[in-house]
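**Student:** Numbering follows this note's numbering, with no gaps: position 42 of the sequence shown is 44.
Built from N, CA and C at the ideal position, the CB exists for glycine as well.
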Amino acid sequence: MGTVTPFPSSGHRPSQIGFERIELTRILDLYGRMVAAGHWRDYAIELGQAAAVFAAFRRTAERPEFRIEKRPDLRNRQGMWALIAEHGQVVKRGHELGPVLAPIERRLMKLIED
3 MGTVTPFPSS
13 GHRPSQIGFE
23 RIELTRILDL
33 YGRMVAAGHW
43 RDYAIELGQA
53 AAVFAAFRRT
63 AERPEFRIEK
73 RPDLRNRQGM
83 WALIAEHGQV
93 VKRGHELGPV
103 LAPIERRLMK
113 LIED
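1) Would you say the beta carbon of Ala87 is closer than 8 Å to some non-hydrogen atom of the ligand GDP?
2) Between Val6, Leu49, Gly96, which lies nearest to Leu26 when the distance is taken from Cα to Cα?
3) Tell me whether Arg73 is buried or exposed, calling it buried when 16 or more other Cβ atoms sit within 10 Å of its Cβ.
4) Kindly indicate the opening and closing residues of the beta strand (DSSP E) around Leu49.
Structure below.
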């Protein structure tokens, strides 16, 4: 009765990377504004062992226009956040989510002005 069993993942790498509530709220807010502007129509979320990925699609049957990746293993290097374009090129990397989302925010402003 007095035996304490440690939680299986204590001291080890988590089995799945995910988005925190604040991060996901920020991403979904941007997604909603892009949907309202008529640019995006679908999204997908992939939670894996190495990364969490939010992909935004113009149409469901295409490759995602942008992928927002969170890779905690890169936190001490170039930053755990990355914005990746449709063909795989890295648009922006950083330690904070806000500056990584800035290129999409600028694109949204252009869509609204037109």
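**Tutor:** Considering the structure as presented:
1) Only the bare structure without any ligand can be found here, which leaves the ligand GDP out of the picture.
2) Leu49
3) buried
4) 44 to 49
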